[in-house]
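Student:
2 protein chains.
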Amino acid sequence: MATQRIMDFLATRRPEGPCLVVDLDVVHDNYQAFRKAMPNSRVFYAVKANPAPEILRLLVSLGSSFDTASVAEIEMALDAGATPDRISYGNTIKKERDVARAYELGIRLYAVDCIEEVEKIARVAPGSQVFCRVLTDGAGAEWPLSRKFGCVPAMAVDVLRHANLLGLDAYGVSFHVGSQQTDLSAWDRALSDARMVFGKLAAEGINLRMVNMGGGFPTRYLRDVPTAQAYGEAIFDALSKHFGNRMPETIIEPGRGMVGNAGVIKSEVVLISRKSDNDEARWVYLDIGKFGGLAETMDEAIRYPLVTPRDGDEKAPCVIAGPTCDSADVLYEKNLYPLPISLTIGDEVLIEGTGAYTTTYSAVAFNGFEPLKAYVI
Amino acid sequence: MATQRIMDFLATRRPEGPCLVVDLDVVHDNYQAFRKAMPNSRVFYAVKANPAPEILRLLVSLGSSFDTASVAEIEMALDAGATPDRISYGNTIKKERDVARAYELGIRLYAVDCIEEVEKIARVAPGSQVFCRVLTDGAGAEWPLSRKFGCVPAMAVDVLRHANLLGLDAYGVSFHVGSQQTDLSAWDRALSDARMVFGKLAAEGINLRMVNMGGGFPTRYLRDVPTAQAYGEAIFDALSKHFGNRMPETIIEPGRGMVGNAGVIKSEVVLISRKSDNDEARWVYLDIGKFGGLAETMDEAIRYPLVTPRDGDEKAPCVIAGPTCDSADVLYEKNLYPLPISLTIGDEVLIEGTGAYTTTYSAVAFNGFEPLKAYVI
Numbered sequence: 001m002a003t004q005r006i007m008d009f010l011a012t013r014r015p016e017g018p019c020l021v022v023d024l025d026v027v028h029d030n031y032q033a034f035r036k037a038m039p040n041s042r043v044f045y046a047v048k049a050n051p052a053p054e055i056l057r058l059l060v061s062l063g064s065s066f067d068t069a070s071v072a073e074i075e076m077a078l079d080a081g082a083t084p085d086r087i088s089y090g091n092t093i094k095k096e097r098d099v100a101r102a103y104e105l106g107i108r109l110y111a112v113d114c115i116e117e118v119e120k121i122a123r124v125a126p127g128s129q130v131f132c133r134v135l136t137d138g139a140g141a142e143w144p145l146s147r148k149f150g151c152v153p154a155m156a157v158d159v160l161r162h163a164n165l166l167g168l169d170a171y172g173v174s175f176h177v178g179s180q181q182t183d184l185s186a187w188d189r190a191l192s193d194a195r196m197v198f199g200k201l202a203a204e205g206i207n208l209r210m211v212n213m214g215g216g217f218p219t220r221y222l223r224d225v226p227t228a229q230a231y232g233e234a235i236f237d238a239l240s241k242h243f244g245n246r247m248p249e250t251i252i253e254p255g256r257g258m259v260g261n262a263g264v265i266k267s268e269v270v271l272i273s274r275k276s277d278n279d280e281a282r283w284v285y286l287d288i289g290k291f292g293g294l295a296e297t298m299d300e301a302i303r304y305p306l307v308t309p310r311d312g313d314e315k316a317p318c319v320i321a322g323p324t325c326d327s328a329d330v331l332y333e334k335n336l337y338p339l340p341i342s343l344t345i346g347d348e349v350l351i352e353g354t355g356a357y358t359t360t361y362s363a364v365a366f367n368g369f370e371p372l373k374a375y376v377i
Numbered sequence: 001m002a003t004q005r006i007m008d009f010l011a012t013r014r015p016e017g018p019c020l021v022v023d024l025d026v027v028h029d030n031y032q033a034f035r036k037a038m039p040n041s042r043v044f045y046a047v048k049a050n051p052a053p054e055i056l057r058l059l060v061s062l063g064s065s066f067d068t069a070s071v072a073e074i075e076m077a078l079d080a081g082a083t084p085d086r087i088s089y090g091n092t093i094k095k096e097r098d099v100a101r102a103y104e105l106g107i108r109l110y111a112v113d114c115i116e117e118v119e120k121i122a123r124v125a126p127g128s129q130v131f132c133r134v135l136t137d138g139a140g141a142e143w144p145l146s147r148k149f150g151c152v153p154a155m156a157v158d159v160l161r162h163a164n165l166l167g168l169d170a171y172g173v174s175f176h177v178g179s180q181q182t183d184l185s186a187w188d189r190a191l192s193d194a195r196m197v198f199g200k201l202a203a204e205g206i207n208l209r210m211v212n213m214g215g216g217f218p219t220r221y222l223r224d225v226p227t228a229q230a231y232g233e234a235i236f237d238a239l240s241k242h243f244g245n246r247m248p249e250t251i252i253e254p255g256r257g258m259v260g261n262a263g264v265i266k267s268e269v270v271l272i273s274r275k276s277d278n279d280e281a282r283w284v285y286l287d288i289g290k291f292g293g294l295a296e297t298m299d300e301a302i303r304y305p306l307v308t309p310r311d312g313d314e315k316a317p318c319v320i321a322g323p324t325c326d327s328a329d330v331l332y333e334k335n336l337y338p339l340p341i342s343l344t345i346g347d348e349v350l351i352e353g354t355g356a357y358t359t360t361y362s363a364v365a366f367n368g369f370e371p372l373k374a375y376v377i
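Respectively, the protein sequence lines represent chains S and B.
Reading the first sequence from the start, the letters are residues 1 to 377 in the working numbering.
Reading the second sequence from the start, the letters are residues 1 to 377 in the working numbering.
(1) If you run the structure through DSSP and keep just helix, strand and coil, what is residue 393/S?
(2) Helix, strand or coil, according to DSSP, for residue 92/B in the structure here?
(3) Hey, is residue 196/B's beta-carbon within less than 8 Å of any beta-carbon in chain S?
(4) Could you name each continuous alpha helix (DSSP H) segment of 4 residues or more that falls completely within the segment 204-292 of chain B, going from the start of the chain to the end?
(5) Reducing DSSP to helix, strand and coil, say where residue 35/S ends up.
(6) Which residues, in chain order, does the segment 327-350 of chain S contribute to contact with chain B at a C-beta distance below 9 Å?
(7) Determine the direct distance from the alpha carbon of residue 45/S to that of residue 34/S, and round the result to whole angstroms.
(8) If residue 288/B sits next to residue 267/B, beta carbons under 8 Å apart, how far is it from one beta carbon to the other, in whole angstroms?
(9) Could you run through the segment 357-373 of chain B and flag, in chain order, every residue whose CB is less than 9 Å away from some CB of chain S?
(10) Report the partner residues of residue 348/B according to the DSSP bridge assignment.
(11) Could you compute how far the alpha carbon of residue 176/S sits from the alpha carbon of residue 258/S?
(12) For residue 335/S, count neighbouring Cβ atoms within 10 angstroms of its own Cβ and tell me buried if that reaches 16, exposed if not.
(13) Whole angstroms is fine: what's the gap from residue 261/B's alpha carbon to residue 290/B's?
(14) Strictly below 8 Å CB to CB, what residues from chain S border residue 302/B?
(15) Between the segment 69-86 of chain B and chain S, which residues of the former have a C-beta closer than 9 Å to a C-beta of the latter?
(16) Can you pull the chain S residues whose beta carbon is under 7 Å from the beta carbon of residue 265/B, in chain order?
(17) From residue 275/S to residue 70/B, what distance separates their C-alpha atoms?
(18) Taking all protein chains shown into account, do 16 or more other C-beta atoms lie within 10 angstroms of the C-beta of residue 202/B, making it buried, or fewer, making it exposed?
(19) Kindly list, in the order they appear in chain S, the residues whose Cβ is closer than 8 Å to that of residue 50/B.
(20) Considering only the beta carbon of each residue, do residue 47/S and residue 7/S sit closer than 8 Å?
(21) Along the segment 112-124 of chain B, what residues have a CB closer than 9 Å to any CB found in chain S?
(22) What is the C-beta distance between residue 304/S and residue 352/S, in whole angstroms, given that I count them as a contact (C-beta under 8 Å)?
(23) Cβ closer than 7 Å: which chain B residues qualify as neighbours of residue 324/S?
(24) Spatial neighbours of residue 16/B within its chain, please: C-beta separation below 7 Å, excluding the five flanking residues on both sides.
(25) Please report whether the beta-carbon of residue 383/B lies at a distance below 8 Å from any beta-carbon of chain S.
(26) How far does the beta strand (DSSP E) with residue 373/S in it reach, from first residue to last?
(27) Using C-beta distances below 7 Å, list every residue in its chain close to residue 23/S, excluding the 5 sequence neighbours before and after it, in chain order.
(28) Under a three-way DSSP split, which group does residue 157/S fall into?
(29) With a CB to CB cut of under 8 Å and the five nearest residues on each side skipped, what residues in its chain are close to residue 151/B?
(30) In this structure, does DSSP put residue 149/B in helix, strand or coil?
(31) What separation, rounded to the nearest whole angstrom, lies between the Cα atoms of residue 62/S and residue 252/S?
(32) Cβ of residue 18/B within 8 Å of Cβ of residue 346/B?
(33) List, in order along the chain, the chain S residues whose C-beta lies closer than 8 Å to that of residue 90/B?
(34) Cβ atoms of residue 191/S and residue 238/S: under 8 Å apart, would you say?
(35) In its own chain, which residues sit with a C-beta less than 6 Å from the C-beta of residue 31/B, not counting the 5 before and 5 after it?
(36) Quick check on residue 166/S: does DSSP put it in helix, strand or coil?
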C-alpha cells in the first residue's frame, strides 16, 4: 500500500523523524469506489479519520459531504470549501453552546441519541433535521463500538417523537456497525432495527426519510477485506429486503475506508535487544508508538502491515514497542510480530494502512516527542 | 486535593473548556517531603510527568535534578536553569544521533539496558556515566511496567562490564518498581538484585557506586497511600540490609509523587443519558476523556476522585465517558462510578490528582478538540 508516489516522496525528501505520507490519488480512487458501489447514498466523509486540509479540499471538489465531531471540525470543512448543507454534526455528545455555534455557522443536520440532546437542539438550533442513533451489537468489528453511542430502537422512537413535538424535523435513524467491520450481515441486522423505528413512527404520522448507515467500512491491514462493491451489494440487498419499494434516502460515513489505505508512516528502528540471554523474542523499538499516533494498537486491536528493507530474509517473532518511557507504549506483545532476523538499528520501517486515526490521535508532547508530522501529496 | 488557591483561581478566572490547574505550593511541599524522607538521595524529577516550565523552574530553585526522556526534555530542563550535571538521559531507548546531541548539550549520565545501547553511548558520548536498568516484577503497582525496560540482573552484569570495557564509567544500577507502587517491600526485592550486580562486578574489579531507585512513589487518588516518610524508612532499611556499611549513592526519580496531587482538572458535564428505559446506570459524558489527557484511565487503571457541586446528595452508579466520537473514550464502565442522582448537564466536575501524566498525554487534535490547557499557579 506504499504507492510509488509515496516511495518517491520518501526517497527524494528524506524527512527526518517519524511521519505520515498520504497519497491523494488513493483517496480519490476510494471516493469513486464508494460512489460507484453505493450510487444512491450521499457520502459524508468522517473528518475525524484524517482532517488534513488537502484531503478535505479534494473531497469537496469531488462532491463529498462531511460528518463532523466538533465545531472545530465544522470550521475545517467550511474552510475547505464545503457549504453548510454538506455538513452534519454527527457527534451525539454536544455542549449546547457548541450546537448554537454550529447553527450560527449554518449547520442544520444533527445526531442525537436521547431526549436531553433533542432538547438542546430544539432550544438553540430550531427546525433542524435530527437523526437518532440506534445501538447495534458491533459483532464482527475489529474495533467495536460498545454502548457509548446510541439507544435501543424502542427508545429511538421516543426520542424522534419528542423531536417532532419540539418542532424539529425528525429526519431518520443512524447506526454504526463497528469500525473495520468485515461481516456484511451486520448491516442487515441494523437495517431491520431501522425499519422498525420507521414503522412505529409512521403509524403515528411521523414519516422518517433517511437512514444513516455510518462507517465501519474497513481498510486492508494484514488480511483481505470485502471490496466496496461487495459492501454496496450487501447493503442494497438489505435495504430492499427491509424497505421494499419505499427506499429511504441513505447516507454513509466512511472514514477509515476513505483514507486508511492512502497513508504510510515512515519510522525507524531505534533499538533491538533481548531481556536475557535465553529470551525467545527480540524487542524491536521504533521511533513511533502508541502515543505518537498508533493509538489503535490499543489491546493490539489493529495489526498494521510492516515493511522493512530486509523482508526477503528469514524472520523470527518480535515484541514491537514505541520510544517513550511508558510501559504501556508497546504495540504488539501478546501476538508477536515476525520480522527479519537481519533487521538492524537504524533500518527504516514502513507502517502501512495508517492514513486514518493516526495524526490526530498523536499526543501533543508526551516524553517531549513532537506530534506526528504529515505530508499529503 | 483541590487547594484553596486552585478553587480561588477557578472561581476568579472562570476558564472556558476543560483545563488543568497546578498549585506550585503543593509541588514545593512534595519536594521537601522527599528531601526530608530520603535526605541522602539525589532527587531527579521525572520531567515527563509534567514538563510545565513553571514546575521545572521551581524545582531548579529548590535544588532538584532532572530525569529526562528525550532531547526535547533535556532542553526544557536546561531552559529552566538546570545545569547539565543535574540532568540524566533516563530513557533506555535512544537514537544514536539523540545521544550525540545530548552529549553536545553537556549530558554525561545515561540509562542503558543492553549491549547495543552501551555501544551507541561509547561511540558518541565517550567517557560518560551509565547505569543499567534491571527488570523488576512490578507486583503491587497500579500501572505496572511490564518488561519493556531493563534486563535480567545477570545480563546487567554483562552490560556494565561491556560499558567498562568501552571506556564508559560503569556507574550503577537502576530499577523501577512500577508506577503508583504501594507495596513497600517492592524496593527490598529490587535492592537485593542490585546488590547482586554490585557484588559480581566488584569481584572483577569494577566498582559500581550508584543505585537509581526510580519512581513509583504514589499519589493519593481514592485510597490512602503510604507517606514519603514511610517510603524513606522502608528504602533505608532495605539499603542497610543489602549494602550494610558500604552504602551506594542513591537517586530517586519521583514524577507522579511530585506533581500528581498538585493538579486538578476542571471539566463539565456535557450529557447525561440512558441507553434504554430500564438501563441501570446513567451515562455521564464529560468534556474531557481518554484522548484529552486522561489516558491513564486505560483499562480503568487509575480511578481519579471526582468532585461535583452536588456531592451531598444521594448517589447512584454511572458510566463515565469522554466527549469524542470514539467508543474507546470511556473512562469507567467495568467499575461503575457513583455520582449524585441530582447531577445535571452543565455542572462542573473537578477531577483530582491529575497533575501528572495528563497534559502531555493529551491528543493533539482528536475530533478537533484542542489539547488540554494548563495553568500553573
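Note that the Cβ used here is the ideal one computed from N, Cα and C, for glycine as well.
Tutor: Well, looking at it:
(1) Nothing about residue 393/S can be read from this structure; chain S reaches only from 1 to 377.
(2) Coil at residue 92/B, not helix or strand.
(3) no
(4) Counting only runs of 4 or more, we get 228-243, 256-259.
(5) helix
(6) 327, 328, 329, 330, 333, 345, 346
(7) 11 Å
(8) 5 Å
(9) 357, 359, 360, 361, 362, 363, 364, 365, 366, 367, 368, 369, 370, 371, 372
(10) 268/B
(11) 16 Å
(12) exposed
(13) So the alpha carbons of these two residues sit roughly 19 Å apart.
(14) Here the premise fails: no neighbours, minimum Cβ distance about 12 Å.
(15) 69, 70, 71, 72, 73, 74, 75, 76
(16) Near residue 265/B there are no residues of chain S at all, since even the closest Cβ is about 15 Å away, more than 7 Å.
(17) 22 Å
(18) Per the 10 Å Cβ criterion, exposed.
(19) Per Cβ cutoff of 8 Å: no residues; residue 50/B is ~11 Å from chain S at best.
(20) In this structure, residue 47/S sits away from residue 7/S, with a CB-CB distance that is not shorter than 8 Å.
(21) 113, 114, 115, 116, 117, 120
(22) 6 Å
(23) The answer, in chain order, is 69.
(24) So the list is empty, once near-sequence residues are dropped.
(25) This structure does not reach residue 383/B, given that chain B is present from 1 up to 377, and the question cannot be answered.
(26) 373-376
(27) 3, 5, 6, 262, 377
(28) Secondary structure of residue 157/S (DSSP, three-state): helix.
(29) 113, 114, 132, 133, 134, 135, 159
(30) coil
(31) When the Cα atoms are used, residue 62/S and residue 252/S turn out to be separated by approximately 15 Å.
(32) no
(33) 325
(34) Yes.
(35) Cβ neighbours of residue 31/B beyond the five flanking positions: 62.
(36) Looking at residue 166/S - three-state DSSP - the assignment turns out to be coil, as it is neither helix nor strand.
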